[in-house]
Ligand SMILES: *[C@@H]1O[C@H](CO)[C@@H](O)[C@H](O)[C@H]1NC(C)=O
């Protein structure tokens, strides 16, 4: 009874409301200091990575090392921040990602795909440093392309090597699209116009020199019915102005794969095919001879 009578007094109600306000204010102050800052990519920057669809990348061939600038305006792989920097940042209310030790950050970034890594690098300076870390790009290279080439040291770092490999893989894909489309004009632009280019078709025939190679493709496009095949196990090795790609093509999954090698050279700002070699087709005739 006594409590109710006390609460009914206007002065005490005012005190209670003031106390509530104070607690609420304290709580919001606490929140603003302890909660991680949200990831809000700066709108004013345009993320170059977002436009990196396969076709867009294929349209911009570049040298090993020249690719870093294509991906991000800050090509210098900065060192992962020292723990002291992380601690100092924590006091000012940093994100949870930034509070992780650099090794963990690098490991976490290795699970991201290429567009995500690019977008992350746009969020803030710390993430940009982490996303430009060469180990992250090496991990991404091994995830997207091959576990091979683990022991190499790319001259301009893994980020540039990733970009160069992506460019060559896209150009290699373009070659097979041209074959599927049976487009002789596209094929003639695709090859280097030089007397030393060579092409060995599945028939086993060798064609040497640009004109002979083009005539051979004309024959292939005239004779082959449906050129439907799948390309697997693409492995690219890229040096400054030369690249080669090995792969398997399956015309249908029952027959063994054709083992194919493509060689490219970089001239006047773009890659050209200079060599194509397909393993010999195992026709019906061969089988009859082999099996008696
Ligand atoms: C390609 O290589 C694989 C693996 O060595 C082999 O089994 C296959 O017969 C080869 N294909 C041709 C057409 O030579």
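Residue numbers (my numbering): 1009 to 1300. From the three backbone atoms N, C-alpha and C, an ideal C-beta is built for every residue, glycine too. Model, not experiment: these values are computed from the prediction.
Nearest CA to the CA of residue i: which residue from the options?
i            : options                   : result
residue 1123 : 1109, 1111 and 1145       : 1145
residue 1252 : 1242, 1241, 1265 and 1270 : 1270
residue 1181 : 1244, 1168 and 1105       : 1244
residue 1207 : 1189, 1188 and 1227       : 1227
residue 1142 : 1203, 1231 and 1165       : 1165
residue 1194 : 1171, 1176 and 1225       : 1225
residue 1139 : 1230, 1275 and 1115       : 1115
residue 1267 : 1277, 1279, 1248 and 1287 : 1287
residue 1209 : 1285, 1222, 1191 and 1134 : 1285
residue 1218 : 1133, 1179, 1212 and 1200 : 1200
residue 1205 : 1183, 1281, 1172 and 1275 : 1281
residue 1255 : 1183, 1276 and 1158       : 1183
residue 1250 : 1113, 1172 and 1149       : 1172
residue 1277 : 1134, 1148 and 1175       : 1175
residue 1241 : 1196, 1156, 1202 and 1121 : 1156
According to DSSP, is residue i helix, strand or coil?
i            : result
residue 1149 : helix
residue 1229 : helix
residue 1122 : helix
residue 1286 : strand
residue 1250 : strand
residue 1269 : strand
residue 1255 : strand
residue 1104 : helix
residue 1222 : helix
Going straight from the alpha carbon of residue i to that of residue j, what length do you get?
i            : j            : result
residue 1109 : residue 1152 : 25 Å
residue 1107 : residue 1273 : 45 Å
residue 1188 : residue 1236 : 7 Å
residue 1154 : residue 1104 : 32 Å
residue 1239 : residue 1257 : 4 Å
residue 1160 : residue 1247 : 12 Å
residue 1126 : residue 1136 : 9 Å
residue 1222 : residue 1233 : 19 Å
residue 1178 : residue 1259 : 21 Å
residue 1162 : residue 1119 : 21 Å
residue 1168 : residue 1263 : 38 Å
residue 1230 : residue 1132 : 56 Å
residue 1265 : residue 1128 : 40 Å
residue 1198 : residue 1279 : 8 Å
residue 1213 : residue 1283 : 13 Å
residue 1112 : residue 1192 : 51 Å
residue 1158 : residue 1130 : 28 Å
residue 1047 : residue 1134 : In this prediction, residue 1047 has a pLDDT of 46, which is less than 50 and means its spatial position is unreliable; nothing more can be read from the coordinates.
residue 1149 : residue 1170 : 6 Å
residue 1186 : residue 1121 : 28 Å
residue 1220 : residue 1117 : 49 Å
Just reading off the alpha helix (DSSP H) that residue i is part of, what are its end residues?
i            : result
residue 1135 : 1133-1139
residue 1117 : 1110-1117
* To do: Enumerate, from N- to C-terminal direction, the unbroken alpha helix (DSSP H) stretches of 4 or more residues contained entirely within the region 1141-1220.
  => 1142-1152, 1165-1189 and 1192-1198
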